[in-house]
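First up is the structure itself, then whatever we jot down about it.
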Amino acid sequence: MLLWSLGQSIITPTARVPSIYFADEETDKKLKEITPCKDGRYLPDASSPEQTQKQLKILEGFAASKGLKFLEVDNYNRLRCILTSTECIIRYFLKQRWIEGLPNFCFVALAVILCAIFAYYPLGQLLIYHVKLASLNETTCEQAKPPNIRGDVKADYNMGTYRNLRAAFGWGLWLFPVSTHVNDGLHFPVRYTEASNGIKYCTINVKESTE
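Going by this note's numbering, the letters in the sequence shown line up with residues -17 to 193, in that order.
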């Protein structure tokens, strides 16, 4: 789900303002004539009250020519509109003040790094823990409480990292869905602390003994 959400955020195009709301060249020219400009950059926030009133009249005339007008709404929708506008203002402020000029791929890289950091501790550590268990041929219960195998408290099922992984994942290491069981699933090789302990016991086939 994490990768799917990230992929959707990258693939989905950014929502754009409809072209009907864009001012035409004539209106834009009128606005620039009464808007303060410094170093080739227009600063609407630095406009005087008189300039603001003139800009408002120009925009109202443009809206009237396009058939755009404000509608009275109830308090709930008005509050919702105010909250949405506040969110847009905050997003605009953060973008202009903090991340202006950064290319888009930087945001993707930062998002991937952030998701990787947050995913490493809950998922990465769990994966490392289970890989360690598989390499030692142990279960969580056996690691928490070592088993007493035939009287040897130090005996375990660790036959070496390669053999343990091959026994857990099969010869195809889960690449091919084939049956990899070679034993009966009841008897497994045991590593005793003394080699003689393994000779004291032998596997008896129940069917043969009953016959």
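Each residue gets a CB set at the ideal place from its N, CA and C atoms; glycine is no exception.
All values derive from a computational prediction rather than experimental measurement.
Leaving out five residues before and five after residue i in sequence, what residues of the same chain have Cβ atoms less than 7 Å from its Cβ?
i: residue 50; result: none
i: residue 175; result: 134, 136 and 137
i: residue 117; result: 143, 146 and 147
Under 8 Å Cβ to Cβ from residue i, same chain only, skipping five residues before and after it: list those, please.
i: residue -16; result: 97 and 101
i: residue 128; result: 135, 136 and 138
i: residue -6; result: none
i: residue 122; result: 115
Tell me, please, which residues DSSP counts as bridged to residue i.
i: residue 19; result: 24
i: residue 134; result: 131
i: residue 173; result: 138
What residue range does the alpha helix (DSSP H) around residue i cover?
i: residue 47; result: 31 to 48
i: residue 114; result: 107 to 118
i: residue -8; result: -16 to -7
i: residue 5; result: That residue, residue 5, is in no alpha helix (DSSP H); it is neither H nor E in DSSP.
i: residue 150; result: 143 to 151
i: residue -4; result: Element bounds for residue -4: n/a, residue is neither H nor E.
i: residue 122; result: 122 to 126
Can you list, in chain order, the residues of its chain with a C-beta nearer than 6 Å to that of residue i? Leave out the 5 residues immediately preceding and following it.
i: residue -9; result: none
i: residue 33; result: 16
i: residue -12; result: none
i: residue 107; result: none
i: residue 112; result: none
Pop quiz: residue i and residue j are said to be a contact at Cβ under 8 Å. What is the actual Cβ separation, rounded to whole angstroms?
i: residue 140; j: residue 173; result: 6 Å
i: residue 119; j: residue 149; result: 7 Å
If you check the beta carbons only, do residue i and residue j fall under 8 Å apart?
i: residue 26; j: residue 17; result: yes
i: residue 24; j: residue 14; result: yes
i: residue 29; j: residue 37; result: yes
i: residue 125; j: residue 109; result: no
i: residue 5; j: residue 44; result: yes
i: residue 40; j: residue 12; result: yes
Could you tell me if the beta carbon of residue i falls within a distance shorter than 7 Å of some heavy atom in the ligand GTP?
i: residue -10; result: The model depicted lacks the ligand GTP and carries no ligand whatsoever.
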